[in-house]
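In the UniProt record's numbering, the protein residues as written are 1 to 280.
A virtual CB, placed ideally from N, CA and C, is assigned to each residue, including glycine.
Take a look at the structure set out below.
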């Protein structure tokens, strides 16, 4: 019997007679994080209560409630019993889209006839990317080799996702962690916007499978390329193609799959042949 850092008892059971891994040094923190805009309750996310200022900015931008960090007024982070409330102020010109989004959410929850409208909202056209990636295969390998060193909470808990922004040489400039892969990306985008980082030319590296939401968050942040450790869904690949996003999945130490490469910036052999839905 051992205990994690917060004194939670942990008992390991063995399936084989081989050496056993040690229990995690601590448990990953996860709690409800509520977002309020201009005094109106908007959403409750489950996430890790770290880098919440970055989370506030990134989530606001990915939701389309602001176009840039300069449109966000005050941000107040209020710990409460068993959770956190993030209170954000938007200028009056952004208040109408906020109220319309809240109205749609109420309508969607009140009847069963809004499914088509909801689907159209999810699949609304993405803004086409204008930036051209400037990295190559070696940059992906370099970022993967460095990635683990930017995941201190993940190393301690074994239960975190990480998102990193890499320059064209593969150097990691910013990284954020969270129990949720979407939250980790929102935190990363928020940090970049607060630092005034230029998104064009570099790429995002994610320790997650690639779902369509991650494609959309990357595109809306103006980042021209996304690399994920695990596989991509068919919808993620289609949305990447529509927006002109360079998309690479299953990026591991021995290689990766290029799912969409509209600018033909990634060149290399693929002895296994193209995967289903693979665009060259």
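Which one of the options has the shortest CA to CA distance from residue i?
i	options	result
residue 47	131, 185, 67	185
residue 33	80, 232, 92, 199	80
residue 171	257, 134, 75	134
residue 176	151, 156, 42, 101	151
residue 193	212, 167, 24, 222	222
residue 73	91, 25, 62	91
residue 232	96, 27, 218, 248	248
residue 255	245, 239, 230, 238	230
residue 55	102, 84, 136, 234	84
residue 321	163, 167, 96	Missing from the structure shown is residue 321; the chain here goes from 1 to 280 and no further.
Can you tell me where the alpha helix (DSSP H) holding residue i begins and where it ends?
i	result
residue 62	52–62
residue 190	181–195
residue 152	152–157
residue 65	Counting along the chain, residue 65 falls outside any alpha helix (DSSP H), and DSSP gives it neither H nor E.
Could you check the C-alpha separation between residue i and residue j for me, to the nearest Å?
i	j	result
residue 250	residue 138	15 angstroms
residue 260	residue 227	11 angstroms
residue 64	residue 196	18 angstroms
residue 262	residue 220	17 angstroms
residue 174	residue 145	15 angstroms
residue 59	residue 215	14 angstroms
residue 126	residue 242	8 angstroms
residue 179	residue 188	14 angstroms
residue 149	residue 155	9 angstroms
residue 203	residue 45	26 angstroms
residue 157	residue 31	16 angstroms
residue 62	residue 28	25 angstroms
residue 267	residue 141	13 angstroms
residue 50	residue 147	19 angstroms
residue 190	residue 257	28 angstroms
residue 11	residue 236	39 angstroms
residue 38	residue 213	25 angstroms
residue 218	residue 82	31 angstroms
residue 19	residue 13	12 angstroms
residue 70	residue 201	22 angstroms
residue 168	residue 136	8 angstroms
residue 75	residue 101	20 angstroms
residue 67	residue 41	20 angstroms
residue 253	residue 264	22 angstroms
residue 24	residue 17	20 angstroms
residue 122	residue 9	43 angstroms
residue 15	residue 96	57 angstroms
Could you check how far apart the C-beta atoms of residue i and residue j are, in whole angstroms? I think they sit under 8 angstroms.
i	j	result
residue 52	residue 86	6 angstroms
residue 132	residue 224	6 angstroms
residue 26	residue 88	Residue 26 to residue 88, Cβ: 30 angstroms. No contact.
residue 143	residue 245	Not quite, the Cβ-Cβ distance comes to about 17 angstroms (not below 8 angstroms), so this is no contact.
residue 161	residue 207	5 angstroms
Cβ of residue i versus every heavy atom of the ligand SAM: is any distance shorter than 7 angstroms?
i	result
residue 238	The ligand content of the structure shown is nil, which means the ligand SAM is not present either.
Please list the terminal residues of the continuous beta strand (DSSP E) segment that includes residue i.
i	result
residue 177	172–178
residue 129	Neither: residue 129 is in no beta strand (DSSP E) and is coded neither H nor E.
residue 203	203–206
residue 147	Note, residue 147: premise wrong, no beta strand (DSSP E); alpha helix (DSSP H) at 137–147.
residue 35	31–37
residue 48	No beta strand (DSSP E) holds residue 48; DSSP gives it neither H nor E.
residue 87	83–88
residue 166	161–166
residue 72	Per DSSP, residue 72 belongs to no beta strand (DSSP E) and is neither H nor E.
Subject >> Every unbroken alpha helix (DSSP H) within the segment 214–276, with a cutoff of 4 residues, ordered by chain >> reply: 234–243
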